[in-house]
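Here's the structure, in structure tokens; my notes come after.
Chains as they are written, first to last, in my numbering: chain G, 67 to 255; chain L, 67 to 255.
Written as structure tokens, this is what we have:
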């Protein structure tokens, strides 16, 4: 088995974490690796926000849940609807009580930010897996609108949150979720 | 150095390829690895199109260049403008004469497609790097509008191209392009 195959096996989306905090120095290493991702025109449009404070992570969870439930009234997304019951549960923390949350963000005007920040997120998650850390990309935690909170986390007004990634030491590593057969639409030779 | 660090060093964006073709069986392996990427709600919304035909790749390059030059008349993007001189060069192939092009695509209505397909692209490119293959995400090759061409490559009407990735055997492996210092906007402890 190649090194990438073994790394892929190490990386699972982790939703149960030990109490143990992740040192900020380690988070800085993950961010440094994330910045090695390729980006359109090598513009590296990413900016990182590190929240290693459970109280603030809890408030961000509440804010995101509230906004998602509001959005559901107008957006008909089957995936959002799937999450409605958990979002209505006051005990549910969208960040799964992880000790650390990293927002990968980028300027709203930069067309390539979704792709660039997603590649940076992939690098970040592999770098964490290699260090025995667990991560999970929690899209449910991206919906922060309250200006005071946005100010508190230091998101510039012209930036948007692309990838909310939780980090911590895994309590358990789940099995690989099932995958569909690859969908190859066409091969032209 | 960890395995991920060495894999990161192996993966560079490759823009010069040997004449040698990539067997379709190898492309299928890369696609299988790409499908191991995490996706929102494990929906795996990706569909792959493989074009291992230089004549068709050339026509896709011409079509994308034409549409990008049209778009530039109305979209004021500094990154697009940067590419204007090369796009006007009739000898420039946006796919750098690579022997194979893989389009990672997904349903337009699925909100998470940009993130999901970008993660799949990261997996695809690492899987290729591990096999000594070169890749490059060529956003300039995504702008296909001609209905006959879209039909020829088998893109469903309700799908969009997210990641055009070229694949081949590298002629040369360039040095790591410079990276900025990581931009950490805020750390809250």
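Glycine is no exception: its CB is placed at the ideal position from the N, C-alpha and C atoms.
From the options, residue whose alpha carbon lies closest to that of residue i
i: residue 135 of chain G; options: G:122, G:154, G:251; result: G:154
i: residue 145 of chain L; options: G:177, G:73, G:79, G:124; result: G:177
i: residue 175 of chain G; options: G:226, G:166, G:220; result: G:226
i: residue 220 of chain L; options: G:253, G:220, G:245, G:246; result: G:253
i: residue 218 of chain G; options: G:125, G:76, G:84, G:113; result: G:125
i: residue 166 of chain G; options: G:142, G:92, G:76, G:255; result: G:92
i: residue 76 of chain L; options: L:202, L:127, L:156; result: L:202
i: residue 223 of chain G; options: L:240, L:223, L:251; result: L:251
i: residue 80 of chain G; options: G:240, G:246, G:247; result: G:240
Cβ pair residue i, residue j closer than 8 Å
i: residue 161 of chain G; j: residue 107 of chain G; result: no
i: residue 138 of chain L; j: residue 180 of chain L; result: no
i: residue 186 of chain G; j: residue 100 of chain G; result: yes
i: residue 129 of chain G; j: residue 69 of chain G; result: no
i: residue 115 of chain L; j: residue 171 of chain L; result: yes
i: residue 242 of chain G; j: residue 78 of chain G; result: yes
i: residue 90 of chain L; j: residue 255 of chain G; result: yes
i: residue 111 of chain G; j: residue 173 of chain G; result: yes
Own chain, CB closer than 6 Å to residue i, minus 5 neighbours either side, in chain order
i: residue 86 of chain G; result: 235
i: residue 230 of chain L; result: 169, 204, 207, 208
i: residue 212 of chain L; result: 129
i: residue 215 of chain L; result: 129
Beta-carbon contacts of residue i that lie in its chain and below 8 Å, excluding the five residues immediately before and after
i: residue 96 of chain L; result: 168, 190, 193, 194, 197, 199, 233
i: residue 188 of chain L; result: 103
i: residue 109 of chain G; result: 176, 178, 182
i: residue 82 of chain G; result: 162, 236, 237, 238
i: residue 88 of chain G; result: 118, 165, 166, 199, 233, 234, 235
i: residue 143 of chain L; result: none
Residue(s) in a DSSP beta bridge with residue i
i: residue 79 of chain G; result: G:201
i: residue 171 of chain G; result: G:113, G:227
i: residue 234 of chain G; result: G:200
i: residue 166 of chain G; result: G:233
i: residue 252 of chain G; result: L:115
Any non-hydrogen atom of the ligand HEM within 7 Å of residue i CB
i: residue 254 of chain L; result: By its list of ligands, the structure shown contains no ligand whatsoever, and the ligand HEM lies outside what it can speak to.
Contact set for residue i: own chain, Cβ-Cβ below 7 Å, skip 5 residues either direction
i: residue 53 of chain G; result: Because chain G is modelled from 67 through 255, residue 53 of chain G falls outside the range shown and cannot be assessed.
inquiry  = Output needed in chain order: residues of the segment 180-196 of chain G with a Cβ under 9 Å from some Cβ in chain L.
reply    = 180, 181, 182, 183, 184, 185, 187, 188, 189, 191, 192, 193, 195, 196
task = Pull out every residue of the segment 119-134 of chain L whose Cβ sits closer than 7 Å to any Cβ of chain G, in chain order.
result = 119, 122
request  = With 9 Å as the C-beta to C-beta threshold (strictly closer), list the residues of the segment 145-159 of chain L near chain G in chain order.
outcome  = 145, 146, 148, 149
query = Looking at chain G, which residues of the segment 227-248 of chain L have a Cβ within less than 9 Å of any of its Cβ atoms?
reply = 228, 229, 242, 243, 244, 245, 246, 247, 248
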